[in-house]
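If you count the sequence shown from 1, you need to add 1 to reach the numbering used here. No residue lacks a Cβ here, since even glycine has one placed at the ideal position from N, Cα and C.
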Amino acid sequence: MNLMQRLALVCLVLAAAAQCGVLSPAQQARKTRTLVRAGHVLDVKTGKVADAQTIVVAGDSIQSIGPTASVQAQPGDTIMDLGSLTVLPGLIDVHTHLTMVPDFDPYRELTSTDAKEAINGVVNARATLLAGFTSVRNVGAGGYTDVDLRDAINSGQIEGPHMMVSGPAIGITGGHCDENLLPVQYHLVGDGVADGIAAVQQKVRQNIKYGADLIKICATGGVLSKGDDPQASQYTLEEMQAIVADAHRLGRKVAAHAHGAQGILWATEAGVDSIEHGSYIDDASIAAMKKRGTYLVPTLYLEDWQIENGHLPAFYHQKMVSVSAVAKGNIKRAIEAGVKVALGTDAAVYPHGLNAHELDVYVNQIGMTPIAAIQAATINAADLMGWSAKTGTLEAGKWADMIAVEKNPLEDVRVLEDVKFVMKAGVIYKGAEKKTP
Ligand SMILES: [Zn+2]
Numbered sequence: 002m003n004l005m006q007r008l009a010l011v012c013l014v015l016a017a018a019a020q021c022g023v024l025s026p027a028q029q030a031r032k033t034r035t036l037v038r039a040g041h042v043l044d045v046k047t048g049k050v051a052d053a054q055t056i057v058v059a060g061d062s063i064q065s066i067g068p069t070a071s072v073q074a075q076p077g078d079t080i081m082d083l084g085s086l087t088v089l090p091g092l093i094d095v096h097t098h099l100t101m102v103p104d105f106d107p108y109r110e111l112t113s114t115d116a117k118e119a120i121n122g123v124v125n126a127r128a129t130l131l132a133g134f135t136s137v138r139n140v141g142a143g144g145y146t147d148v149d150l151r152d153a154i155n156s157g158q159i160e161g162p163h164m165m166v167s168g169p170a171i172g173i174t175g176g177h178c179d180e181n182l183l184p185v186q187y188h189l190v191g192d193g194v195a196d197g198i199a200a201v202q203q204k205v206r207q208n209i210k211y212g213a214d215l216i217k218i219c220a221t222g223g224v225l226s227k228g229d230d231p232q233a234s235q236y237t238l239e240e241m242q243a244i245v246a247d248a249h250r251l252g253r254k255v256a257a258h259a260h261g262a263q264g265i266l267w268a269t270e271a272g273v274d275s276i277e278h279g280s281y282i283d284d285a286s287i288a289a290m291k292k293r294g295t296y297l298v299p300t301l302y303l304e305d306w307q308i309e310n311g312h313l314p315a316f317y318h319q320k321m322v323s324v325s326a327v328a329k330g331n332i333k334r335a336i337e338a339g340v341k342v343a344l345g346t347d348a349a350v351y352p353h354g355l356n357a358h359e360l361d362v363y364v365n366q367i368g369m370t371p372i373a374a375i376q377a378a379t380i381n382a383a384d385l386m387g388w389s390a391k392t393g394t395l396e397a398g399k400w401a402d403m404i405a406v407e408k409n410p411l412e413d414v415r416v417l418e419d420v421k422f423v424m425k426a427g428v429i430y431k432g433a434e435k436k437t438p
């Protein structure tokens, strides 16, 4: 074997072709750059806007950000001239149900199938991405349809946001996460039903086995379920402690659906990472969440949308009215007290793609500042997901996830409801024409 042959063998063995002067297709892709020329860039950490900036994107990541005057185009670069638009990080929704649709007719619900959920997911993932949401947590889906949806997006087969998925939400018999529409002779049980320590541990392990990135549980009753009370606790403290211990040991965070104050408190004391909804949050649960650094994920725009447009069966509608009467006031108090917030929407209770309306409620109904609302949808949401190194801000080394809007969203947060440009992981899904120098 001569030297060249030996070298070729070393290249093969190391599978480090680049070192031998041969680039793989992925490495080639990383070499081509896209220069995003932005009229303005909003720094979501500081709330400062910088004019005339260029974001250099290489492959799926941000390589650098700096004044346009200092970034020269090189041969082979693609230039995206966004004119006077304002660029900010892609938004994040930590509470969606992409495989579900806003139709709560009981017969429609009972005749849903995993195949229908999967088809819904393909449509809703695209609508969510085009609305400017480049990452989501999917917290509850039937038949692990969310796992396959995530994988199909990651493989490039279909368009959608980066996803963390929970699989079926775990809950008690007869609770919000069970299926309670039929009498006993039909033996209908929700996918995620588990009672008692051993059973909840088995369910956590099963969800992880089949691809869950996080664990979703129902700590209290809910609105869109039959026969249960949003204020009543469902899992016991001990059951939730067992769930959290197993999930955390296996590297998964836990999101707890909780409306009632006692359920919020118990879930927080059990160590869950986020409280979803939090409608009846009180002083004791506020104090516990602050002490432990637990995130609150309010889902408030759905109330406005449902009251205006919803056609809920009476047994759901009455609960929606009762919860809506108190939730905004309680959430406002919790935020004023300093509880950390990540943006969630519960999209599927209203049409997917309207997710950014949640920011309008935070700012114009419960008194958050625009920058705090945007941080809830970027930095905080990324932190809750454990994705701070990947997304949430526009910084070198993170995914090239960004959106552009016509005005400074700090002056009018509703401009985020009409996103003009969407890039996810370096790929443009919506926006201006490309130019090459
Ligand atoms: Zn939900």
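Legend entry - Any 3 or more C-beta pairs closer than 8 Å across the stretch 413-427 and the stretch 80-93: Per the Cβ contact rule, the stretch 413-427 is in contact with the stretch 80-93 (3 or more Cβ pairs under 8 Å).
Inset, instruction - With a threshold of 16 other CB atoms inside 10 Å of the CB of His96, please say whether the residue is buried or exposed. - result: In the sequence shown, counting from the first residue as 1, residue 96 sits at position 95. Here His96 is buried: its Cβ has 16 or more other Cβ atoms, across all protein chains shown, within 10 Å.
Inset, instruction - Give every residue of the same chain whose Cβ lies closer than 6 Å to the Cβ of Ala328, excluding the five residues on either side of it in the sequence, and list them in chain order. - result: Working through the sequence shown from its first residue, we reach residue 328 at position 327. The residues are Ser280.
Legend entry - Pair within 8 Å by beta-carbon distance, Ser1 and Ala401: With the chain running from 2 to 438 in the structure shown, residue 1 is simply not present.
Legend entry - Nonlocal neighbours in the same chain, by C-beta distance under 7 Å from Thr269, ignoring five residues either side: The count along the sequence shown starts at 1 and reaches residue 269 at position 268. Residues of the same chain with a CB within less than 7 Å of the CB of Thr269, apart from the 5 flanking positions on each side, are Ile276, Ser286, Ala289, Met290, Arg293 and Thr295 in chain order.
Inset, instruction - Determine, using beta carbons only, whether Gly212 and Val148 come nearer to each other than 8 Å. - result: By one-based count along the sequence shown, residue 212 stands at place 211. By one-based count along the sequence shown, residue 148 stands at place 147. Against a cut-off of 8 Å, the Cβ pair of Val148 and Gly212 comes out as a contact.
Inset, instruction - Compute the minimum distance between the beta carbon of Gly1 and the heavy atoms of ligand 1, and state whether it is under 7 Å. - result: Since the first residue of the chain shown is 2 and the last is 438, residue 1 is not available in this structure.
Legend entry - Extent of the continuous beta strand (DSSP E) to which Asp82 belongs: By one-based count along the sequence shown, residue 82 stands at place 81. Where Asp82 is concerned, the enclosing beta strand (DSSP E) stretches over Thr79 to Asp82.
Inset, instruction - For the beta strand (DSSP E) holding Leu89, just list the boundary residues, first then last. - result: Along the sequence shown, read from residue 1 onward, the residue named residue 89 stands at position 88. That run of the beta strand (DSSP E) goes Thr87 to Pro90.
Legend entry - Gly22 (DSSP reduced to helix, strand or coil): Reading the sequence shown from its first residue, position 21 is the one you call residue 22. Here the model assigns Gly22 a pLDDT of 44, short of 50, so the residue's position is not dependable and the matter cannot be decided.
Inset, instruction - Using the Cα positions of Leu395 and Asp413, report the straight-line distance between them to the nearest angstrom. - result: For this step, residue 395 is matched to residue 394 along the sequence shown. For this step, residue 413 is matched to residue 412 along the sequence shown. If you take the alpha carbons of Leu395 and Asp413, they lie about 21 Å apart.
Inset, instruction - Confirm the yes/no value for this check: CB of Asp94, any heavy atom of ligand 1, distance under 7 Å. - result: The residue you call residue 94 lines up with position 93 of the sequence shown. Not under cutoff, so the answer is no.
Legend entry - Local Cβ density within 10 Å of Ile154, reported as buried at 16 or more and exposed below that: Residue mapping note: residue 154 aligns to position 153 of the sequence shown, counting from 1. Buried, since its Cβ has 16 or more Cβ neighbours within 10 Å.
Legend entry - Span separating the alpha-carbon of Ile173 from that of Gln263: Taking the first residue of the sequence shown as position 1, residue 173 is located at position 172. Taking the first residue of the sequence shown as position 1, residue 263 is located at position 262. Using only the alpha carbons, I get a separation of about 16 Å.
Legend entry - Near ligand 1: His260 beta-carbon under 7 Å from a heavy atom: Walking along the sequence shown from the start, residue 260 turns up at place 259. No, ligand 1 has no heavy atom inside 7 Å of this Cβ.
Inset, instruction - Check Gly172 in the structure and name its three-state DSSP category. - result: In the sequence shown, residue 172 corresponds to position 171, counting from 1. Strand at Gly172.
Legend entry - Every unbroken alpha helix (DSSP H) within the stretch 85-133, with a cutoff of 4 residues, ordered by chain: Correct list: 107-111 and 115-131.
Legend entry - C-beta atoms of His188 and Ser226 nearer than 8 Å: If you number the sequence shown from 1, residue 188 lands on position 187. If you number the sequence shown from 1, residue 226 lands on position 225. No. Outside cutoff.
Legend entry - Spatially closest choice to Ala343 from Ile198, Asn381, Lys421 and Asn139, by CA coordinates: If you number the sequence shown from 1, residue 343 lands on position 342. When the alpha-carbon of Ala343 is set against those of Ile198, Asn381, Lys421 and Asn139, the nearest one is in Asn381.
Inset, instruction - Would you kindly check if the distance between the Cβ of Ile56 and the Cβ of Met321 is under 8 Å? - result: Translated into positions along the sequence shown, residue 321 becomes position 320. Translated into positions along the sequence shown, residue 56 becomes position 55. No.
Inset, instruction - Output the distance between the C-alpha atoms of Ala338 and Lys117, rounded to the nearest integer angstrom. - result: In the sequence shown, the residue the question calls residue 338 occupies position 337. In the sequence shown, the residue the question calls residue 117 occupies position 116. In this structure, the straight-line span from the alpha carbon of Ala338 to that of Lys117 is close to 42 Å.
Legend entry - Extent of the continuous alpha helix (DSSP H) to which Gly264 belongs: Counted from its first residue, the sequence shown places residue 264 at position 263. From DSSP, the alpha helix (DSSP H) with Gly264 extends over Ala262 to Ala271.
Inset, instruction - Decide if Glu304 is buried, meaning its Cβ has at least 16 other Cβ atoms within 10 Å, or exposed. - result: Indexing the sequence shown from 1 puts residue 304 at position 303. Answer is buried; the Cβ neighbour count reaches 16.
Inset, instruction - Taking only the alpha-carbon atoms, compute the straight-line gap between Gly161 and Thr129 and give it to the nearest angstrom. - result: In the sequence shown, counting from the first residue as 1, residue 161 sits at position 160. In the sequence shown, counting from the first residue as 1, residue 129 sits at position 128. Those two C-alpha atoms are separated by around 7 Å.
Inset, instruction - Kindly list the residues whose CB is nearer than 8 Å to the CB of Ala126, restricted to its own chain and excluding five residues on each side of it in sequence; keep chain order. - result: Translated into the one-based positions of the sequence shown, residue 126 becomes position 125. Around Ala126: Leu99, Leu150, Ile154, Ile159, Glu160, Gly161, Pro162 and Met164.
Inset, instruction - Keeping to the same chain, check which residues put their C-beta closer than 6 Å to that of Ala348; ignore five residues upstream and five downstream. - result: Mapped onto the sequence shown, residue 348 falls at position 347. Excluding positions up to five away in sequence, the list reads Thr97 and Asn356.
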